[in-house]
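Each residue of the sequence shown is one higher than the last, beginning at 205 in this note's numbering. C-beta atoms are modelled at their ideal positions from N, C-alpha and C, and glycine is treated no differently. The structure appears below as structure tokens.
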Amino acid sequence: MDFELKSLSVAQAAQSALDALIVLVPDDAKTVRGEDPLTELIRDVSRRGDLETGVGKSLFVYRASGVKAARLVLVRAGDGAAVAVRKAVAAGLAAVKATGIKKVGVLLSLLADDAAAVKTVMTALSEASYSYVTTKPSAKAREIKEVLLGVRDAASAKDSLRMGQALVTGVELAKEWANRPANHSTPSQLADVARKLGRKPRIKTEVLGPKEVAALGMGAFMAVAQGSAQPLRFIVMQYQGAAKSSAPVVLVGKGITFDTGGISIKPAPEMDEMKFDMGGAASVLGTFAALAELQPAVNVVGLIPACENMPDGLAVKPGDVVTSMSGQTIEILNTDAEGRLILCDALTYAARFKPRAVIDIATLTGACMIALGAVRSGLFSNQDELAAALQNAGERSLDLCWRLPLDDDYAEGLKSNFADVANVAGRAGGAISAAKFLQKFVSDLPWAHLDIAGSAWKSGAAKGATGRPVGLLLQYLADQAAAPEAKAKPAAGPAGRARRV
């Protein structure tokens, strides 16, 4: 979609050449002023109760008098808060979904903080109109090509436009690659995506294969990959938006492109959803795509250990002991706890960048899904400041997380008679013991772990990737760029019109 930002009053929006116009109306009708036909209509239907109060309540009008767009939707946006705006946009777009709608306008001018709402409107439109078509030729592709965003003062909303464009780009790339079947999203294909991103300004990409990974001593990563015919790939991406002396944030994304469970094989029902087990990797790729758009003044490293977990005759077995890159030995009691094995070597590798923070993102445990459901990602951290910054970024981006404990007692079950550490503990507190395992490989670095097993995809009729937590990560990185220690000015971005995605 092409997004265009304009200063528009209600009367000007009514005269815009559009297939459909969605007007976000606050619950407080007293804020609606003007004598034009559309403003009078809004006041009239509000007074009569035809447009009910309550976020998402809408009224569809076809060929409204004085409105150039054939389809008009008035939709309540509550107090204009981001959560309310997101719900209102989804309701408004649902009301106008019809064949042939290619240009849609969304009028935000009636909202108290319309400039800030631009980003939310853009991401909500992207979510509501997204369609996966890569391996489904019969699917109906997105028809909307242009979106006009009307605000009181376009100049004040340009930063929100840039952030919205970056988010849409990043989330849609993450969704695309997580949604692809495993035979269309192999480790090598993920590496190709990273290489293409490496052609964008300020991004460099390096891809390591089995020989290079072996030379690094990544025995845990190699153990997971050894049962698959697909060769592993270790993807190293670097975005330089600040001075070279500025310590980077390192993002580590779990890239299991398909997880059978290995020898500890999973049950058949819903195993197809294990194509989503590279959701962490997809979020890192999406975040880098967003960084290329936004160009914030921060340095970022992306590390993606990518492989399949398969159960052939060469596969690692329960009880095997492997040596990680850190030198710690690991007894693999359950081959289905493979994500932490590939992540632990990547976390060890991350230390070489002398980062200001390391954040790993992984569809790691069913236990986290049971604890938090699909609403919030699990957050673990060894530093309060980092945890607070991530939780704040999640709240502001509507990509929520919740901090869980890391008491040392939770690591008791990871003790082994045959290695330095076992890869699983008991069922109780499984998400926490998994995080405690990862913590053993970060030393004293500021570190956070995001368990996105419940938030990375949806099941059932709405089955598909969510693109989370690209929004949280991009907001956190933008906040880091604004911090004094970034010591660099952000690059100039697009003003007025954003590129197509």
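Buried or exposed, going by whether 16 or more other CB atoms sit within 10 Å of the CB of SER647? With fewer than 16 Cβ atoms within 10 Å of its Cβ, SER647 is classed as exposed.
Go ahead and pull the three-state DSSP assignment for LYS640. In the three-state DSSP reduction, LYS640 falls in the helix class (H, G or I).
Outcome for LEU209 when other beta-carbon atoms lying within 10 angstroms are tallied against a minimum of 16: buried
Taking 7 angstroms as the threshold (C-beta atoms), are PRO391 and PRO414 in contact? Cβ atoms of PRO414 and PRO391: not closer than 7 angstroms.
Using CA coordinates, which residue listed in ALA501, GLY543, GLU599, ASP357 is at the minimum distance from MET426? GLY543
Residue range of the unbroken alpha helix (DSSP H) whose run includes TYR680: 674-686
If you pair each beta-carbon of the segment 538-554 with each one of the segment 505-522, do three or more pairs fall below 8 angstroms? yes
Do you know offhand how far VAL300's Cα is from ARG275's? 7 angstroms
Under three-state DSSP, which class holds PHE645? Of the three classes helix, strand and coil, the one that applies to PHE645 here is coil, per DSSP.
Which residue comes first and which comes last in the beta strand (DSSP E) that contains ARG607? 605-607
Straight-line gap, TRP381 to ALA486 (C-alpha atoms, nearest Å): 6 angstroms
First through last residue of the alpha helix (DSSP H) which encompasses GLY745: Beyond the ends of the chain as shown, which are 205 and 705, falls residue 745; an answer cannot be given.
Whether LEU228 touches ALA281 by CB criterion (7 angstroms): yes
Look at the Cβ atom of GLN679, then the Cβ atom of SER601, and state whether they are nearer than 7 angstroms. yes
Quick check on DSSP: helix, strand or coil for GLY598? helix
State the CB to CB distance for the pair ALA398 and VAL411, rounded to an integer number of angstroms; the pair is presumed to be in contact (CB under 8 angstroms). 7 angstroms
The beta strand (DSSP E) that contains GLY457, what's its start and end? 453-457
Is it buried or exposed, GLU535, if we count other Cβ atoms within 10 angstroms and call 16 or more buried? So GLU535 counts as buried.
Let me confirm a value: ARG366 is counted as buried when at least 16 other C-beta atoms fall within 10 Å, else exposed. Which label applies? By the neighbour-count rule (16 or more Cβ atoms within 10 Å), ARG366 is buried.
Per DSSP, which residues does TRP381 bridge with? Please list them. Partner(s): none; TRP381 has no beta bridge.
Close-in-space but distant-in-sequence residues of the same chain around ALA496 (CB under 7 angstroms, 5 per side omitted): LEU401, LYS404, PRO405, ILE407
Would you call the CB atoms of VAL289 and THR324 closer than 7 angstroms? yes
Identify every residue that forms a DSSP beta bridge with LEU739. The shown model of the chain, from 205 to 705, leaves out residue 739, and the question about it has no answer.
Is the segment 639-658 close to the segment 549-567, with three or more CB pairs under 8 angstroms? yes
Please check the pair GLY617 and ALA629, which I expect to be a contact at CB under 8 angstroms, by giving their CB distance rounded to whole angstroms. 3 angstroms
Per the DSSP calculation, GLY423 is bridged to which residue(s)? Paired residue(s): none; GLY423 is not in a bridge.
Figure out for me which residue from ALA332, ALA359, SER262, ASP624 has the closest Cα to the Cα of GLU376. ALA332
Could you work out which residue in GLY465, ALA424, VAL525 is closest to PRO509 when comparing CA atoms only? ALA424
Would you mind listing the alpha helix (DSSP H) stretches within the segment 525-579 that are 4+ residues and don't spill past its ends, in chain order? 543-554, 570-576
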